[in-house]
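In my numbering, the protein residues as written are 42 to 412.
Only one structure is covered here, and it is reproduced in the block below.
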Ligand SMILES: NCc1cc(CSc2ccccc2)c2nc(N)[nH]c(=O)c2c1
Ligand SMILES: [Zn+2]
């Protein structure tokens, strides 16, 4: 194995672990902020480190279009380019092609599309996706896969899952083995348990350093997502990390950790933060709401972030209402800090065998309101 993953404690299906990589270690369960265009929007790398994040995400689709993978390589790779000292996981690009580009077409060869920036034509094959992620010097590389939007019929979901399995093999063949670097397979199959099991077993036969669960948070309910995890994670190796892609809100993270997920990414804390949504242990508030206009209290008096340590709700309300850049900076720092503190709480609860009590307390807090 090129990536060492050790599980130090379990609590039910949940695992407390540590993933050692060429660019540093990751304590799991972990939340990975999304740094789409070589930046976690509105945050310097130092501010991201201060939240407690150890690994961030980069995006093959965006970076291949601008500035191009070759240019990032010429400048020393993504770590050097964006001055991020820790591990970086990059997605393979297929998911963003289907959600962002125009005139995209999927075939056995890969996905062809036109750039949403300038209309230029591109062919993204499994081999090219792996090459791009190599040029970026991604610590963790994701296979190219096909994710279908739900609801979709079983035939369509099965075809996409089988294609993803064939692409997984091609990605494994193209991936250059380096100690401390890893390649993750992506389990597909919609909400169909038999297709999920078939996908997991097919990926395990090929063999990967970690296994992502893709194709969720694409329109299904939280109950359907959890039910799918219940019939997916038991088929995955105990000694390899599991990554639930594009998930989610805090209660999604708690429920998915209880079902054996170790890694998460989501644009919610950053994107909704810029739009004024603040996550707190007593639920969410929108700081743009008039009720905060003269509130001298911090967003969350228990929070250690720069926004809560130094500013009032009234001030952040003013900044966000005025569309000031500092408003995005403070809201993003707060939300990412809150997400990291939830993950820290989950890691400690698993290590001490009290995850059920932690989850109960978390849900009670979210429901308590009065924020
Ligand atoms: N909505 C869930 C979701 C999100 C992402 C994107 S996760 C991401 C986003 C930006 C940067 C890095 C990873 C996915 N990526 C792939 N490859 N496959 C999926 O099924 C999938 C499902
Ligand atoms: Zn805060």
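We put the CB at the ideal spot given by N, CA and C, even for glycine.
Computed from a prediction, not measured in an experiment: that's the story for all the values here.
DSSP state of residue i mapped onto helix, strand, coil
i, result
"residue 165", "strand"
"residue 83", "coil"
"residue 173", "helix"
"residue 319", "strand"
"residue 286", "coil"
"residue 302", "coil"
"residue 351", "helix"
"residue 12", "No answer is possible for residue 12: the residues shown for the chain start at 42 and end at 412."
"residue 259", "coil"
"residue 187", "coil"
"residue 127", "coil"
Extent of the continuous alpha helix (DSSP H) run through residue i
i, result
"residue 49", "That residue, residue 49, is in no alpha helix (DSSP H); its beta strand (DSSP E) goes 45 to 52."
"residue 236", "234 to 247"
"residue 383", "366 to 392"
"residue 409", "396 to 409"
"residue 274", "Unbroken run through residue 274: none, as it is neither H nor E."
"residue 203", "195 to 215"
"residue 111", "110 to 115"
"residue 121", "119 to 123"
Whether residue i touches residue j by CB criterion (8 Å)
i, j, result
"residue 105", "residue 158", "no"
"residue 348", "residue 331", "no"
"residue 134", "residue 189", "no"
"residue 228", "residue 403", "no"
"residue 43", "residue 220", "yes"
"residue 75", "residue 98", "yes"
"residue 102", "residue 137", "yes"
"residue 187", "residue 201", "yes"
"residue 82", "residue 315", "yes"
Beta-bridge partners of residue i, as assigned by DSSP
i, result
"residue 132", "100"
"residue 68", "59"
"residue 154", "163"
"residue 223", "181"
"residue 228", "254"
Range covered by the beta strand (DSSP E) that runs through residue i
i, result
"residue 253", "251 to 254"
"residue 146", "143 to 148"
"residue 325", "324 to 327"
Ligand 2 heavy atom lying under 7 Å from the CB of residue i
i, result
"residue 378", "yes"
"residue 348", "yes"
Distance cut-off 7 Å: residue i Cβ against heavy atoms of ligand 1
i, result
"residue 227", "yes"
"residue 109", "no"
"residue 78", "no"
"residue 136", "yes"
"residue 306", "yes"
"residue 220", "no"
"residue 98", "yes"
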